[in-house]
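J.:
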Amino acid sequence: MKKNRKLFVCIHNDGYAVSLDERKIYLGIPDADADRLGMVRIIDESGEDYLYPKACFAPISLPVAVRQELKLAA
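With this note's numbering applied, the sequence shown has no gaps in its numbers, which climb one by one up to 74 at the end.
1. Less than 8 Å between the CB atoms is what I'm expecting for Pro53 and Met39, so what's the real figure, rounded?
2. Check Leu37 in the structure and name its three-state DSSP category.
3. For Tyr26 and Ala55, what's the separation of their Cα atoms in angstroms?
4. Which runs of the beta strand (DSSP E) fall wholly inside the segment 10-74 and span at least 3 residues, in chain order?
5. Out of Ser46, Asp44, Leu51, Tyr16, which has the shortest C-alpha to C-alpha gap to Arg36?
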């Protein structure tokens, strides 16, 4: 996983049911402009990154051991 990327869990997908699955973990890409607009840049089901409302997501952090295992699997 590239530095500065963050993980988010989708807590609701109202209006985005085709693109987002609730309770799924997504990779977020830092975007200061999106942040100022109350949005977050997420790599969605299409494999592309798009802006979504922050309210659809909650940021999460994984234990170090899990992050290391995921790096090995990538």
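From the three backbone atoms N, C-alpha and C, an ideal C-beta is built for every residue, glycine too.
It should be emphasised that the depicted structure is a prediction, and the values quoted were computed from it without experimental measurement.
T.: Once the coordinates are examined:
1. 6 Å
2. The answer is coil: DSSP assigns Leu37 none of H, G, I, E or B.
3. Cα to Cα, Tyr26 sits roughly 14 Å from Ala55.
4. 25-29, 39-43, 49-53, 57-60
5. Leu51
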